[in-house]
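Data first, discussion second: the structure below is written as structure tokens.
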Ligand code: BJW
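Numbering (my numbering), first residue to last: 1055 to 1308.
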């Protein structure tokens, strides 16, 4: 990020009345959580995440799918929020204390934004630390240790299983999360897309919606994405380095 870009983004942030931030797996990468498309290491190197993250895969092979999710769930409990998460929590405090509105939309399922102090986080794709009964929908938060049996049996209904409370391809996003996202995107004047490959819908469409309604759009990503050419500022960098600089510059001396 050059200094001019940093100054312009910081100025837009300081002057914004309504800020929306959409985050993806890249924001948690510096905490040691592999991104969705990089999550296939070790035992999982021969699997395709696009195929495992589906109701069809769970139906066909619940043992493999729940083992994969449980290994990711256990890892999430061992990591900590990084400076990118902390900067977004600080951004929220600054925008709100100046009387503005701030909404954090996340595609991440790791709860690291909550642990960094962000409030009102809209979880578009659910949470991996919560699992739910396939029959009753009742939810449970298993302890941080690995589950003992795969697929895990539901404690709520005989013969039912537990599955992660995440949104798989082909499933609907939680209605309240979509409603909150639609409201926030429709009325924001500054939109950040951070650490997401911007290919999974409906989240991938929010930046264009915000832009069509007159918001300025900032992208922060290690790599180029399908969004990069259509935004007002495209910053190539790591979110854990770029976000703290943006927040620091926006309120320097305040
Ligand atoms: C860094 C970095 C660092 C790394 N700093 N950057 C419209 C058009 C076409 C298709 C559809 C459409 N509407 C719906 C669909 C179908 C489908 C879809 O979008 N398919 C596409 C693949 C084409 N969407 C759905 O099915 C959704 N449901 C839905 O819309 O229901 C209605 C409907 C159904 C069917 C048809 C039509 C309508 C549900 C989507 C659920 C997504 N779920 C997952 C799994 C969650 C559980 C789990 O984690 O296993 O969510 S998939 C996966 O992708 C996960 C993520 O949240 C999501 C986004 O990934 P993300 O976060 O962007 O991660 P990566 O790994 O892709 O990218 C990381 C990025 O970070 C990279 O760009 C790096 O460069 C960058 N990076 N380090 C900054 N330090």
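All residues carry an ideal CB built from backbone N, CA and C; glycine is no exception.
| query | result |
| --- | --- |
| Over what stretch of residues does the alpha helix (DSSP H) that includes residue 1149 continue unbroken? | 1137-1151 |
| Below 8 Å on the Cβ atoms is my guess for residue 1074 versus residue 1157; work out the distance and round it to an integer in Å. | 5 Å |
| Which ranges does the alpha helix (DSSP H) cover as unbroken runs of at least 4 residues, wholly within the region 1200-1280, from first to last along the chain? | 1229-1241, 1260-1266 |
| Take residue 1196 and list the residues in its own chain whose beta-carbon comes closer than 7 Å to its own, dropping the five residues that flank it on each side. | 1185 |
| Are there 16 or more other CB atoms within 10 angstroms of the CB of residue 1181, so buried, or fewer, so exposed? | buried |
| Roughly how many angstroms lie between the CA atoms of residue 1304 and residue 1067, to the nearest whole one? | 6 Å |
| Report buried or exposed for residue 1146, applying the criterion of at least 16 other Cβ atoms within 10 angstroms of its Cβ. | buried |
| Alpha carbons only, please: which of 1152, 1206, 1072, 1138 is nearest the one belonging to residue 1116? | 1206 |
| Helix, strand or coil, according to DSSP, for residue 1069 in the structure here? | helix |
| Which residue's Cα is closest to the Cα of residue 1062: 1293, 1295, 1292, 1288? | 1288 |
| Buried or exposed: residue 1162, going by 16 or more other Cβ atoms within 10 Å of its Cβ? | buried |
| Alpha carbon to alpha carbon, how far is residue 1083 from residue 1280? | 20 Å |
| Excluding the 5 residues preceding and the 5 following residue 1188 in the sequence, name in chain order all residues of the same chain whose CB lies nearer than 7 Å to its CB. | 1208, 1214, 1215, 1217 |
| Determine the closest residue to residue 1283 out of 1297, 1271, 1293, with distance taken between C-alpha atoms. | 1271 |
| Does the count of Cβ pairs from the region 1255-1267 and the region 1140-1154 closer than 8 Å reach three? | no |
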